[in-house]
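Chains as they are written, first to last, in the working numbering: chain E, -9 to 307; chain X, -9 to 307.
Here it is in structure tokens:
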């Protein structure tokens, strides 16, 4: 197989996954890269279907994301939100004026029976995203977070309650009957598949819903393609989001080893950050080849560099 | 009945009706005025329920309308629309960033089973509109325009095709099974009802759908309250919109007399503009008391002044 025929599949949540997706997109030809994004964070808000992770990846690949905010679009304005406030609507989940267009058009398409996959493909095409971005499923899976304040819908926990309640577990409603997206599953049996990348995303609420879809773990395990995962925990902290806080509340040590344990059955290679180099040996003890790299992606160069090193590791596997 | 207990009912389309509604609102106590707006122009756009006439009246009463454009909100921005364009969505019907909030919240409420009347009341309350604004019906009535290009949904004819096709008639889909809004019908039997005002709106597509709802004409005819109508045709032209063009295409003389003929069976008093004073005699021949007033409402003073003269005429009836 020539290098250019090799295909790569990345499993992603929001911000961290989107950064690595941008790196992989720069390192590979568009037709080589498929990104599967978590949709268990999706929800109906103001009657609109919002897909936070899909959009974060899509906007990042289109180069129109807001890197400082970590969600939504660059140069966004907020007249819609101010009008919603004036009209007494809910404002705890903020939607920018341009971002609303995505949700309105997606909702309209979904209501007419178009699949989320096809809506996503259409939006990507319009935004000039040449890589294939897939929702993990066209069926609804909805994360609920078990907390000391009760079971909360994910965005209620994540945005409205700012991850403050203590977490004791997760429920993925609908996951047992959800079908993994067709092209995603086909790719896992594609002989050209040269590697599966688990992005540095939240293992509990971003990656677990993807892996928990019926048949996905088996398909990954039986795929000849090597699997590499990047730790979202660096130096005992999550770079973004509640992964570290969740880990602590679930009674696990807040470190890359705990992440590796989540993926133990699936990954061939685990990437920790250089600051966690001393952890490699303990992770290797799980039977996982472990490498230390610079995983913190601040600049485009960081993203591309990490992507190249991941591809190299997959080629070595 | 003391003057302050007298109630008035105004039947309105968009711009012209909204202007007179503002005048009546200034001339009366809030609890004296109910405006019933045409909803046969309503449509689903980008999956959102848009109620152009209701919103034009609502925004005008709230003092946040854009008087130069004649629709939508003042100080509007267009980031949403530009994003819709970029995403390949339809842009022929323009929705401002603030205006979209109205449609999103209304659509969300309607989808949860809330009546259009109740959504409208809630939006009005939030915007500080103290007068009662009612949709003509909580059931869907949809105007279709018979033209030389075929039968067009109203907004296709009105906005997309800019009223260019020649009109041969109108269809009001759903009107036979639509129930006039409850409070509207109750008001027609209210002993406190001191007058019914047919605003200077398009007789064919704004007023006719209201009057065509089952039971409305009979209820108006049997109501002891006098009925006054204001001509939207002034000096052989419509001040706004396609009323004059429609009239010509329907083979009727483009003048106030043709408007009066539309309302012949219902109105006690017909108001023409001073420039059409010579037409009074011919309209009187229809058995309608006819008065000439300054009906062109440019300033707030014009609106309030016309409203006062209408109220005076109703008191004389």
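Ideal Cβ positions, reconstructed from N, Cα and C, are used throughout, including at glycine.
CB contact check: residue i to chain E, cutoff 9 angstroms
i	result
residue 88 of chain X	yes
residue 182 of chain X	no
residue 67 of chain X	yes
residue 209 of chain X	no
residue 63 of chain X	yes
residue 70 of chain X	yes
residue 249 of chain X	no
residue 74 of chain X	yes
CB contact below 9 angstroms: residue i versus chain X
i	result
residue 115 of chain E	yes
residue 298 of chain E	no
residue 305 of chain E	no
residue 246 of chain E	no
residue 27 of chain E	no
residue 149 of chain E	no
Beta-ladder partner(s) of residue i, from DSSP
i	result
residue 35 of chain X	X:38
residue 248 of chain X	BP columns for residue 248 of chain X are empty, so no partner.
residue 124 of chain E	E:26
residue 0 of chain E	E:25, E:187
residue 92 of chain E	In the DSSP output, where bridge partners are listed per residue, residue 92 of chain E has none listed.
residue 262 of chain X	X:282
residue 218 of chain E	E:187, E:259
residue 206 of chain E	DSSP, once it has assigned bridges, lists no residue as partnering residue 206 of chain E.
residue 136 of chain E	E:141, E:159
Integer Cβ distance of residue i from residue j, believed to fall under 8 angstroms
i	j	result
residue 23 of chain E	residue 121 of chain E	5 angstroms
residue 27 of chain E	residue 132 of chain E	At roughly 15 angstroms, the Cβ-Cβ gap does not stay under 8 angstroms, so residue 27 of chain E and residue 132 of chain E are not in contact.
residue 124 of chain X	residue 134 of chain X	Not quite, the Cβ-Cβ distance comes to about 24 angstroms (not below 8 angstroms), so this is no contact.
residue 274 of chain X	residue 299 of chain X	The pair is not a contact, with the Cβ atoms about 18 angstroms apart (cut-off 8 angstroms).
residue 165 of chain E	residue 199 of chain E	7 angstroms
residue 89 of chain E	residue 63 of chain E	5 angstroms
residue 261 of chain E	residue 281 of chain E	6 angstroms
residue -2 of chain E	residue 228 of chain E	Their Cβ separation, rounded to whole angstroms, is 25 angstroms, which puts residue -2 of chain E and residue 228 of chain E out of contact at 8 angstroms.
residue 109 of chain X	residue 239 of chain X	Actually they do not touch by this definition, with Cβ atoms about 35 angstroms apart.
residue 4 of chain E	residue 46 of chain E	4 angstroms
residue 250 of chain E	residue 290 of chain E	So it is not a contact: roughly 28 angstroms between Cβ atoms.
residue 10 of chain E	residue 0 of chain E	7 angstroms
residue 219 of chain X	residue -4 of chain X	Wrong, their Cβ atoms sit about 19 angstroms apart, outside the cutoff.
residue 161 of chain X	residue 136 of chain X	7 angstroms
Quiz item: Of the residues that make up the region 77 to 106 of chain X, which ones have a beta carbon closer than 7 angstroms to any beta carbon in chain E?
Solution: 77, 78, 79, 87, 88, 90, 91, 92, 94, 95, 97, 98, 101
Self-check item: Uninterrupted alpha helix (DSSP H) stretches inside the region 12 to 71 of chain E (no shorter than 4 residues)
Solution: 42 to 52
Quiz item: What residues from the region 36 to 49 of chain X come within 9 angstroms of chain E, judged by C-beta to C-beta, listed N to C?
Solution: 36, 37, 38
Practice problem: Report the residues of the region 112 to 137 of chain E with a CB closer than 9 angstroms to any CB of chain X, ordered along the chain. | Solution: 112, 113, 115, 116, 117
Exercise. Just list the alpha helix (DSSP H) runs in the region 153 to 203 of chain X, keeping only unbroken ones of 4 residues or longer that don't cross its boundaries, in chain order.
Key: 172 to 178, 198 to 201
Self-check item: In chain order, each alpha helix (DSSP H) run of at least 4 residues that lies wholly inside the region 220 to 247 of chain E
Solution: 233 to 239
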